Amino acid sequence: MISTNVLGVCMCTREALKDMTRRGQFGHIINISSMSGHRVPNGASGGSFYAATKHALRALTEGLRQEARGRKVDLRVSSISPGVVETEFLAVHGFGDEAAAKDRYSSMKALQPADIAQAVVWCLSAPDHVDTNDILLRPVEQET
C-alpha cells in the first residue's frame with residue numbers, strides 16, 4: 003500500500019514536474035485519493051493502514067500545492083476522494099472474495115469509474131484562476 007499509494011504517487015509527480023520544468027510550462031497534478039484520507043473506516047478490520055496511506059497522500063497533495071504557491075509556480079494541484087466505487091477493489095481487498103464484493107456493491111448504487119472521470123474533467127476544465135483542491139464524492143446511500 004505504501005509503495006502504490008504514497009511512493010508511486012511521489013515518483014510519478016516527480017517525473018511530471020521534471021517534464022513541466024523542462025518545458026517551462028506547468029499544468030495540473032490530480033491525485034486520486036479516497037474518503038479514507040478524511041476518516042478512518044473499518045479500523046477494527048484493518049482499514050487503518052489503508053487510511054494512513056490516503057492521509058499521507060492528502061498531506062503530500064496539499065504540501066505540493068503550498069510549495070508551488072511559495073515558488074510562484076503556476077501549477078494547479080487537486081485531489082479527488084471517492085467513496086465506494088464499483089471496481090475490483092473490494093474483491094482484491096477481500097483476498098478474492100467476489101461474493102462479499104458483489105454483496106457490498108448490491109447494497110447501494112455505488113459510484114462508477116465514469117463518475118470519477120467526470121470529476122477529473124471538471125477539475126481540468128475549470129478556469130485558469132481556479133484551483134480545485136479537494137473533491138469528496140460518495141454514493142448518496144453511503145453512510146460514512
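Start counting the sequence shown at 3; every next residue gets the next number (my numbering).
Just so it is clear, CB atoms sit at the ideal spot from N, CA and C, and this is done for glycine as well.
All figures in this text were calculated on a predicted structure; none of them were measured in a lab.
query                                                                                       : result
Check whether Gly29 and Ser38 have beta carbons under 8 Å apart                             : no
Residues near Glu143 by beta carbon distance below 7 Å, same chain, minus five either side  : Met110, Lys111
Own chain residues within Cβ distance below 7 Å of Arg60, not counting five before or after : Ser35, Gly39, Ser81
Proximity below 8 Å, CB of Ser83 to CB of Leu138                                            : yes
Cβ-Cβ distance between Leu77 and Val11 below 8 Å                                            : no
Same chain, Cβ closer than 6 Å to Asp133, five either side skipped, listed in chain order   : Arg78
Same chain only: Cβ atoms within 7 Å of Tyr52, ignoring 5 sequence neighbours per side      : Met3, Ser38
Ile31 vs Cys125 beta-carbon contact at 8 Å                                                  : no
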